[in-house]
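In what follows, a single structure is set out as structure tokens and then discussed.
Numbering (the numbering used here), first residue to last: 1 to 934.
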């Protein structure tokens, strides 16, 4: 209460001092303006205070719903400290420390606040307790140094000096090997001992007593020992410590100390590259720490291995894999109970959503014979940890049930442990059915593995086949009766621990119910009857299996016919659509032809009065490369020669010829693929693409040539080849992929001939599961990358955000967000899924794109049979002017498609006789007449 009152007084005094300040402004303004300024500042302060109180209340309510919201804890502590709410602040820190290990910064702030308030000895003891909790969360040199220095303040108390030395020794054991920060602790310890030495010196001119002389010698030896211990450890700035020892010591440095010093210097040189890599790397430095850990593992010093792991975890406390590797090392190598259990406890407090860490913790507790009540309590904490998958709950239940099973003495018919195991199995089944299924819409255990294990234990260890059969009956009623492997599992259990009658009964039910592999079940039944059955049993089994297989074959045949009918129907529909498109296209051609004839006649009449005709821009027909007017003259659409058109001016003819023929084709030398990139999805309206793209790609290196691709009319087609002088320039250019150019994302890809490399894929993003990346859907189209980053960065460090757009650069309401590690991504899923962004409810999940379905071989074959044969002319084929002038509706298949049934092609005589005859060649006049009839 005294501390709280003192803090409140400090806040009030600060507010009063703030009110006394003269507001900035015109110095000649009167008292009215000063009063007005004071009232404005006080009003702003009141508004801010109300906002902070409302925010504190909101954060407290959110934590009451989800106590594992790490960022919410941080925000609440920050606000309470800002408001001076010391009682609430202490309570908030206490709650957070119970759930999570606190970082070095949080502990130091907490300790400094408590040190300011501690004046009496009882309050100092509470600070000592707080320090003891702080040093257990992480191995932090700063906290140990602060602890040792604080303990010096109690040196006047009874046993104070020994307490300080004890704390310093523990600090050296914990972090004295720290290459970069260990020196500070050694120096602080020596300074403390030097201060003791100064106080033990006799007064000038006096002769020390034998007791004083002995104490002086003892104190000097302690300082000598500290120097020698320090010089035998590889620490930065060792040379300075050695020089200081030479200056301080009156005696020569022993040879043993010099030898150890040189050995430590050599070891320091080996460590320096790893320390320099850590200093130069950016957070989280996982790769650098892993390299350092591998180096220390080869050296094999357990203390140094432990320290480097602890250093890595202090900066990467939310990386489950790092905790798992550390705990595995402690479990297999050190095997020290306090050390092992402390590390496991910190791991699950840092990453409570990772089920593997909880399982390892339970195993470690069992391995070190921790009390059963504590293990059960820890399991209950695991159930409330908030796993992100339904299967995680199955795994933690299975681990706990395994532990309970190992406690049971099955030589006894009944025991307390056995009843606890059975009740735990029953609770697990109910928990998965109620709690997990309600949250995830699935139990996570579709094949009922927990119930299967329960049944096996009852049958094999408890000799209770009746209970095992009840459990298997329950398993089969949960949708597993159609699977052959489930029936065979039950059959094997009956075979091993039951009787033949129940084996036969199980197999008869299996034959009746199995739908995936009924043949296998039938074979097992016949094998049983062949070995153990009577003639009547054999006849019954043969009849049952034959009837069942007959029904199965009949069902399969019907399914195949239905599938074939659907496929045929789809083919007919496709053919009808194709026919309709061809007829529609032919009618459009005929309509255009009639309109063109009428226009020509009108033009001839007007030409008699000497009026000049304006040259209309030539239009390319959609399937033909000829100009529309040229097509009319060449083909004679009306079956007669059309009216003669006035000759075009010579320059216009030359322009038309140039636009059609004189544009050089863009050829690519495949030998220069390594220095060339292919650029696509550019705007068709881009003026001077060579100039525009050269400015863009010159930043990657010297550009040798830019080859844009144009149509026959001279229009830019939106893609080009960019050739560089050097290969590294081409590689750098790939980084410009999807950069916006004139409002469209520009695609930059390697120049690869897909005829030679058909499996080459340009898509540069991963299509597999990425646990550190989120997929967000349902975003408003107006949402920008910066706005989305503001939402996401509250839940972790965002490395990259990619908004998905179409080829025109328009957003699709989808995004990929990459975090530093999977722990942050998992937390973000829990907090952001269902969040409202600009009145849109977004859906957030771990990035795991579905596999692309490849076309069926049969469908691919059908497609290739229906496809019109096309001659290949290089990588890009011939121009459109080379296509046949016959409409697709009039084309005939040269090779009819044979129907396939059950994978075998059957050639029907009727089908072969119904082959259409080769169509007669038609003249232009015949072709036009046919179109006019339609």
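Idealized CB from N, CA, C, for every residue including glycine.
Per the C-alpha coordinates, the member of 744, 833, 348 and 792 positioned closest to residue 718 is 744. Listed in chain order, the beta strand (DSSP E) elements of length 3 or more contained wholly in the stretch 765-841 are 770-777, 798-805 and 811-819. Counting the other Cβ atoms within 10 Å of the Cβ of residue 700 gives 16 or more, which makes it buried. Three or more Cβ pairs closer than 8 Å define a contact, and the stretch 65-72 falls short of that threshold against the stretch 101-114. With contact defined as three or more Cβ pairs closer than 8 Å, the stretch 772-788 and the stretch 722-730 are not in contact. Here residue 566 is exposed: its Cβ has fewer than 16 other Cβ atoms, across all protein chains shown, within 10 Å. The alpha carbon of residue 506 has as its nearest neighbour, out of 490, 320 and 55, the alpha carbon of 490. Between residue 324 and residue 340, the CB-CB gap reaches or exceeds 7 Å.
Residue 846 is bridged by DSSP to 774. Under the Cβ criterion (8 Å, minimum of three pairs), the stretch 277-289 does not count as touching the stretch 111-121. Between residue 683 and residue 742, the CB-CB gap stays under 7 Å. When beta bridges are read from the DSSP output, residue 680 appears opposite 747. The Cβ atoms of residue 471 and residue 451 sit closer than 7 Å to each other. The criterion of a C-beta distance shorter than 7 Å is not satisfied by residue 785 and residue 814. Fewer than three Cβ pairs drawn from the stretch 129-139 and the stretch 152-160 lie within less than 8 Å of each other, which leaves the two stretches out of contact.
In this structure residue 847 is buried. Its beta-carbon is surrounded by 16 or more other beta-carbon atoms within 10 angstroms. Here residue 195 is not near residue 171, since their CB atoms are 7 Å or more apart. Look at the beta carbons and you see the stretch 167-183 not touching the stretch 372-382: under three pairs across the two are nearer than 8 Å. For residue 239, the enclosing alpha helix (DSSP H) stretches over residues 238-248. When only Cα atoms are considered, residue 112 and residue 83 end up about 17 Å apart. Separation of residue 389 and residue 670 (C-alpha to C-alpha, rounded to the nearest whole angstrom) is 50 Å. With a contact defined as Cβ atoms closer than 8 Å, residue 275 and residue 179 qualify at about 6 Å. One alpha carbon belongs to residue 272, the other to residue 359, and they sit about 37 Å apart. With respect to the C-alpha of residue 267, the residue from 495, 299 and 319 having the closest C-alpha is 299. Counting the other CB atoms within 10 Å of its CB gives residue 258 a total below 16, which places it among the exposed residues.
Along the length of the stretch 54-84, whole alpha helix (DSSP H) runs at least 4 residues long occupy 70-83, reported in chain order. Among the bridge pairs identified by DSSP, residue 501 is matched with none. In the structure shown, residue 708 adopts extended strand secondary structure according to DSSP, grouped into three states.
At a cut-off of 4 residues, the continuous stretches assigned as alpha helix (DSSP H) that sit fully inside the stretch 403-468 are 416-431, 437-440 and 449-456. The distance from the Cβ of residue 746 to that of residue 821 is about 32 Å, inconsistent with a contact at the 8 Å cut-off. When C-beta atoms of the stretch 402-420 are compared with those of the stretch 456-475, three or more pairs fall below 8 Å, so the two segments count as touching.
Around the CB of residue 248, fewer than 16 other CB atoms lie within 10 Å, so the residue is classed as exposed. A direct Cα-Cα distance of roughly 10 Å separates residue 66 from residue 385. Using a Cβ-Cβ distance cut-off of 8 Å, the stretch 311-329 and the stretch 341-350 are in contact, since at least three pairs of beta carbons, one from each stretch, lie closer than that value. Per DSSP, the unbroken beta strand (DSSP E) holding residue 719 starts and ends at 716-724. Our two residues, residue 706 and residue 810, have alpha carbons roughly 27 Å apart in a direct line.
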